[in-house]
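Chains as they are written, first to last, in my numbering: chain A, 1 to 204; chain B, 205 to 408.
The structure appears below as structure tokens.
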DNA sequence: TTCTAAAATTGAGTCAATTCTGTTTTTATG
DNA sequence: CATAAAAACAGAATTGACTCAATTTTAGAA
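What follows is the structure, encoded as structure tokens:
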């Protein structure tokens, strides 16, 4: 019987994530003390460290939820892309960016990104890299789809192009979260302008 | 007379940076305790914090040295670029990448990047952003030069293109420092492959 | 040379993440 | 239902970055 123990475990996980999400949003990542998260989740400090290797991993679990939602939303665009290369890219990237601040504040993103570079081999570091990879793959899938439809030249190196587009978008997003006053519409406009160069180069 | 006081100050700065560089390389950023840096530099803990706002700023000073060297080396390429768009980009990017591990280990880069996203408004965060900006500007200058020579089409949006190339390179470099086993030649090959798409699009 | 205000240094103390060890709870077995 | 091993928990102790009030050093005026 794996009953009680497993149930309690899942329950504690949930309580910790809920408490942390609330506190991160409320007081910021640094401001949310482990002691307080523990109290609000009704577990001890030791238990938190039994579930997560460090404070960053708690944030990591929250980031994963967000990115997986974004990936899901992106699937629809890849399946039925707008009938124009520029719009197709803009729509997919739009989904990524518009969703991005749904659960996570800019400060939470900054911390998450920082931790993922700081500790690339921690559970969260690896998970974050995998998420980036999934996003890159989704952009590549869109390009492949556009090639299949005949909107993008067949001789284009889709794998390299997908990386190029993702890397540029991601870097722009990093700069975006670094500046509290930066706004989404301007971010999207800037990325559109950059992608225009590519769109001109790859269209049939 | 600005003598003694200024001299001692410069001397202490130098000793702190020297001690920190050695210890960061030896024990890693986390492993290098402020207490030990202070002892090795023959100043007190408090003095270190009088010179630098936090541990990250010490690393920041070292990063600035490195990046400024790279920027200097890049000037030569911009002044007399190879007579071919692909080679010109590859040469400039080659300089950036080949220099990058001269003073800084991958671990130091990871920390520096992490801090710059984590605390974008700290002295170091701002300096790091400015350095990125300078590198972007240098790539833009190269493109402008190539346009002047007639190797790149005049109607290309040079500003956006420069960002695109820098952002992609930078993101590739971030992934590179995140993986200890990653090697420079493979990094350069991958970036060359990505840039090939652009080169094809922008050549006259 | 002597003296004083300003500048700089010092290191013990604070604070919060993480570790560690003893205790409690759960499970499985007879 | 008793019990021993395994798993999970608790929270006091540790650790290391950073602060701050007291002390020392320097500059330069008298």
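Yeah, the Cβ is synthetic: ideal placement off N, Cα and C, and Gly gets one too.
Handout entry: Against chain A: residues of the stretch 369-382 of chain B by CB proximity under 7 Å
Key = Residues are counted here when their Cβ sits less than 7 Å from a Cβ of chain A; for the stretch 369-382 of chain B these are 371, 372, 374, 375, 376, 378 and 382, given in chain order.
Problem - Anticipated Cβ contact below 8 Å, residue 361(B) with residue 193(A), distance rounded - result: Residue mapping note: residue 361(B) aligns to position 157 of the second chain, counting from 1. Residue mapping note: residue 193(A) aligns to position 193 of the first chain, counting from 1. Confirmed, Cβ separation roughly 7 Å.
Practice task
Alpha carbon to alpha carbon, how far is residue 322(B) from residue 387(B)? Give it in angstroms, no decimals.
Solution key: Within the second chain, residue 387(B) is the residue found at index 183, counting from 1. Within the second chain, residue 322(B) is the residue found at index 118, counting from 1. Residue 387(B) and residue 322(B): Cα-Cα distance of roughly 27 Å.
Exercise for the section: Report yes or no: do three or more beta-carbon pairs, one from the stretch 223-231 of chain B and one from the stretch 276-295 of chain B, lie closer than 8 Å? Expected result: Output reads no: the stretch 276-295 of chain B does not touch the stretch 223-231 of chain B.
Practice task
Give a yes or no on whether the C-beta atoms belonging to residue 142(A) and residue 78(A) are separated by under 8 Å.
Solution key: The residue labelled residue 142(A) in the question sits at position 142 within the first chain. The residue labelled residue 78(A) in the question sits at position 78 within the first chain. Yes, these two residues count as a Cβ contact at 8 Å.
Practice task
Starting from the Cα of residue 213(B), find the closest Cα among 229(B), 252(B), 234(B) and 309(B) and give me that residue.
Solution key: For the purposes of this step, residue 213(B) is taken as the residue at position 9 of the second chain. Residue 213(B) has its Cα closest to that of 252(B), out of 229(B), 252(B), 234(B) and 309(B).
Problem - Nearest-angstrom Cα separation, counted from residue 190(A) out to residue 90(A) - result: The residue given as residue 90(A) occupies position 90 in the first chain. The residue given as residue 190(A) occupies position 190 in the first chain. Their Cα atoms are separated by approximately 11 Å.
Practice task
Run down chain A in chain order and give the residues with a C-beta less than 7 Å from the C-beta of residue 367(B).
Solution key: In the second chain, counting from the first residue as 1, residue 367(B) sits at position 163. Within 7 Å Cβ-Cβ: 194.
Practice task
Take every Cβ of the stretch 362-370 of chain B, pair it with every Cβ of the stretch 237-254 of chain B, and state whether three or more of those distances are shorter than 8 Å.
Solution key: no
Practice task
Check whether the stretch 65-78 of chain A touches the stretch 260-275 of chain B, taking contact to mean three or more Cβ pairs, one atom from each stretch, closer than 8 Å.
Solution key: no
Problem - Buried versus exposed call for residue 114(A) [16 or more other C-beta atoms within 10 Å across all chains shown] - result: Here the question's residue 114(A) lines up with position 114 in the first chain. Flag for residue 114(A) reads buried.
Handout entry: Residue of 122(A), 27(A) and 135(A) minimising C-alpha distance to residue 382(B)
Key = The residue given as residue 382(B) occupies position 178 in the second chain. The shortest Cα separation from residue 382(B) among 122(A), 27(A) and 135(A) belongs to 122(A).
Handout entry: Short CB-CB distance (under 8 Å) between residue 156(A) and chain B
Key = As a working mapping, residue 156(A) is identified with position 156 in the first chain. Output row for residue 156(A): interface = yes.
Practice task
For residue 46(A), name the three-state secondary structure that DSSP assigns.
Solution key: In the first chain, residue 46(A) corresponds to position 46, counting from 1. Shown here, residue 46(A) sits in a helix according to DSSP, grouped into three states.
Exercise for the section: Kindly confirm or deny that the stretch 297-311 of chain B and the stretch 93-105 of chain A touch, where touching means at least three C-beta pairs closer than 8 Å. Expected result: no
Problem - Proximity of residue 161(A) and residue 202(A) at Cβ, strictly below 8 Å - result: Here the question's residue 161(A) lines up with position 161 in the first chain. Here the question's residue 202(A) lines up with position 202 in the first chain. Yes, the pair counts as a contact, with Cβ atoms nearer than the cut-off.
Practice task
Would you kindly check if the distance between the Cβ of residue 153(A) and the Cβ of residue 204(A) is under 8 Å?
Solution key: Counting from one through the first chain, the residue named residue 204(A) turns up at place 204. Counting from one through the first chain, the residue named residue 153(A) turns up at place 153. Contact flag set, yes.
Handout entry: DSSP bridge partner residues for residue 56(A) (one or two, in chain order)
Key = Taking the first chain and counting its residues from 1, the one referred to as residue 56(A) is at position 56. According to DSSP, which records beta bridges pairwise, residue 56(A) is partnered with nothing at all.
Practice task
Could you work out which residues of chain B lie near residue 20(A), taking near to mean beta carbons separated by less than 7 Å?
Solution key: In the first chain, the residue the question calls residue 20(A) occupies position 20. The contacting residues do not exist; residue 20(A) stays about 18 Å from chain B at best.
Practice task
Tell me whether residue 381(B) sits in a helix, a strand or coil according to DSSP, three-state version.
Solution key: Taking the first residue of the second chain as 1, we reach residue 381(B) at position 177. Residue 381(B) falls in the helix class under three-state DSSP.
Exercise for the section: Consult DSSP for residue 1(A) and reduce its assignment to one of helix, strand or coil. Expected result: Reading the first chain from its first residue, position 1 is the one you call residue 1(A). Caution applies to residue 1(A), whose pLDDT of 43 falls short of 50 and renders its modelled position unreliable; the value that the coordinates give is listed next. Of the three classes helix, strand and coil, the one that applies to residue 1(A) here is coil, per DSSP.
Handout entry: Element boundaries [alpha helix (DSSP H), containing residue 346(B)]
Key = Within the second chain, the letter at position 142 stands for residue 346(B). Residue 346(B) -> alpha helix (DSSP H) spans 327-353.
Problem - Listed by chain order, chain A residues near residue 314(B) by CB distance under 9 Å - result: Residue mapping note: residue 314(B) aligns to position 110 of the second chain, counting from 1. Under the 9 Å cutoff, chain A gives 117, 118, 119 and 120.
Handout entry: Same chain only: Cβ atoms within 7 Å of residue 29(A), ignoring 5 sequence neighbours per side
Key = Here residue 29(A) refers to the residue found at position 29 when the first chain is read from its first residue. If we look at residue 29(A) and ignore the five residues flanking it on each side, its Cβ neighbours are 59, 107, 108 and 111.
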